[in-house]
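For the sequence shown, the working numbering puts the final residue at 275, and the numbers step up evenly by one. First comes the structure, then the notes that go with it.
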Amino acid sequence: MKADLHSHTIYSDGIYSVYDLVVMAKEKEMDIIGITDHDNLDSYNAYLEVKDKLPIKVLIGVELSTWYMGENVHILGYFYNNCNPGSELITFLKDMKNKRIIRAKKMIANLKECFDIEVDYDDISSKYKEIIARPHIAREISEKYNMPLNEVFNKYLSNKSPAFVATSNTSVKEAIDLLHRNNAIAVWAHPVHNKGKFNDLDIINMGIDGLEANYPDNTKEDTIYYKDLCKKYNLLCTGGSDFHDHISHSEVGTSFIEDEDIDKLLNKLNIEK
């Protein structure tokens, strides 16, 4: 069995519906796909509407944006019994949705002020199902100014850009504890993105349940290192493509986990194979 446990839909900054994403994952020979939209669980209702038509198993999760030592750290939440979040988390995610709207408008204003790049929030919002995130803005700039998407993101919307605005000031520890209190486990998403920024044990000692050890940006040595950390500290070993679209991120199925690691995760979550 193969499981790609990190992907995004139109309910955050992906380009596919839940159904179309799952069908694509099946075509890529995945047996399980994890849907982990940013700071919301809106894909869950869409999943329920098409559940009986889906060709493979779906795990509904969430990706929370947090901060540690001035670095953006993403935490993936996966739910016991496949999506039964507590009310505290639901309230938190509703607040995050409002913050993301404010953030998008501020970044658009910053783009005009810092780079004389002009795009309209309402125009962008009319094209997408959910709140506007950086990839939505990047796609609009790319189309309007005829620039490669990756160039737009790196030059104008990266964390180091003067136009950048943080989603929230939630700490890693706060996010891990929030997930634990609300029927979910916490997995450190793409730890390779934080490589060398701080001691990895800092995050492990906060109570993280697993590491995304298989990830497209890893070197072979990175993957070995993170798998060894999982084994040494008795953590779940997960993996995923982080699929958003066909340009800015890797394709579905590029990274995944297999048999034993899948069994450990599903057993932890009380989900049947």
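Heads up, the beta-carbon is just placed ideally off N, CA and C, and yes, glycines get one too. Note that the coordinates shown come from a computational prediction; the quantities given were computed from them, not determined experimentally.
Here Lys59 is buried: its Cβ has 16 or more other Cβ atoms, across all protein chains shown, within 10 Å. Under the three-state reduction of DSSP output, His195 falls in the helix class. In summary, Ala140 is buried, with 16 or more beta-carbon neighbours lying within 10 Å of its beta-carbon over all protein chains present. Within 10 angstroms of the beta-carbon of Leu50 lie fewer than 16 other beta-carbons, which makes it exposed. Between Leu95 and Asp41, the gap from beta carbon to beta carbon is short of 8 Å. Under the DSSP definition of a beta bridge, Thr93 lacks any partner. If you draw a 10 Å sphere on the C-beta of Leu203, you find fewer than 16 other C-beta atoms in it, and that means exposed. C-alpha of Asp54 to C-alpha of Val64: approximately 22 Å in a straight line. Between the stretch 150 to 167 and the stretch 85 to 103 there are fewer than three C-beta pairs closer than 8 Å, too few to call the two in contact. The straight-line gap separating the alpha-carbon atoms of Val121 and Glu142 is approximately 7 Å.
For the pair Val25 and Pro57, the CB atoms are nearer than the 8 Å cut-off. Short of 6 Å from the beta carbon of Ala48, and not among the five residues preceding or following it, lie these beta carbons of its own chain, in chain order: Val20.
Membership of Ser45 in the alpha helix (DSSP H) is indicated by the continuous run Ser45 to Val52. If you compare the alpha carbons of Lys270, Leu271, Asn269 and Val254 with that of Ala5, the shortest gap goes to Val254.
Within the same chain, Cβ atoms closer than 6 Å to the Cβ of Gly212 are found at Val189, Leu237, Leu238 and Thr240, the five residues on either side in sequence being excluded.
The beta carbon of Asn272 sits closer than 8 Å to the beta carbons of Tyr82 and Asn83 from its chain, once the five residues preceding and following it are set aside; these are given in chain order. In the DSSP secondary-structure assignment, Phe245 is bridged to Ser9.
Burial check for His248: the Cβ neighbour count within 10 Å stays below 16, so the residue is exposed.
As summarised for the stretch 60 to 133, the continuous beta strand (DSSP E) elements at least 3 residues long and confined to that stretch are 73 to 81, given in chain order. For the 8 Å CB-CB criterion, Leu113 and Ile119 form a contact. Apart from sequence neighbours up to five positions away, the residues of its chain that approach Glu73 with a beta-carbon distance below 8 Å are Asn196, Lys199 and Phe200, ordered along the chain. Secondary structure of Asn42 (DSSP, three-state): coil.
Residue pairing by DSSP places Lys4 opposite Glu260 in a beta bridge. A check of alpha carbon separations from Lys266 across Asp244, Ser257 and Lys233 identifies Lys233 as the nearest. Note on the stretch 145 to 198: whole alpha helix (DSSP H) runs with a minimum of 4 residues are 151 to 154 and 174 to 183, in chain order. Beta-bridge pairing by DSSP links Glu214 to Thr240. Taking C-beta atoms as the reference points, Phe155 and Ser250 count as a pair closer than 8 Å. The straight-line gap separating the alpha-carbon atoms of Pro150 and Leu159 is approximately 13 Å.
Sixteen is the threshold: when 16 or more other Cβ atoms of the shown chains lie within 10 Å of the Cβ of Met98, as they do, the residue is buried.
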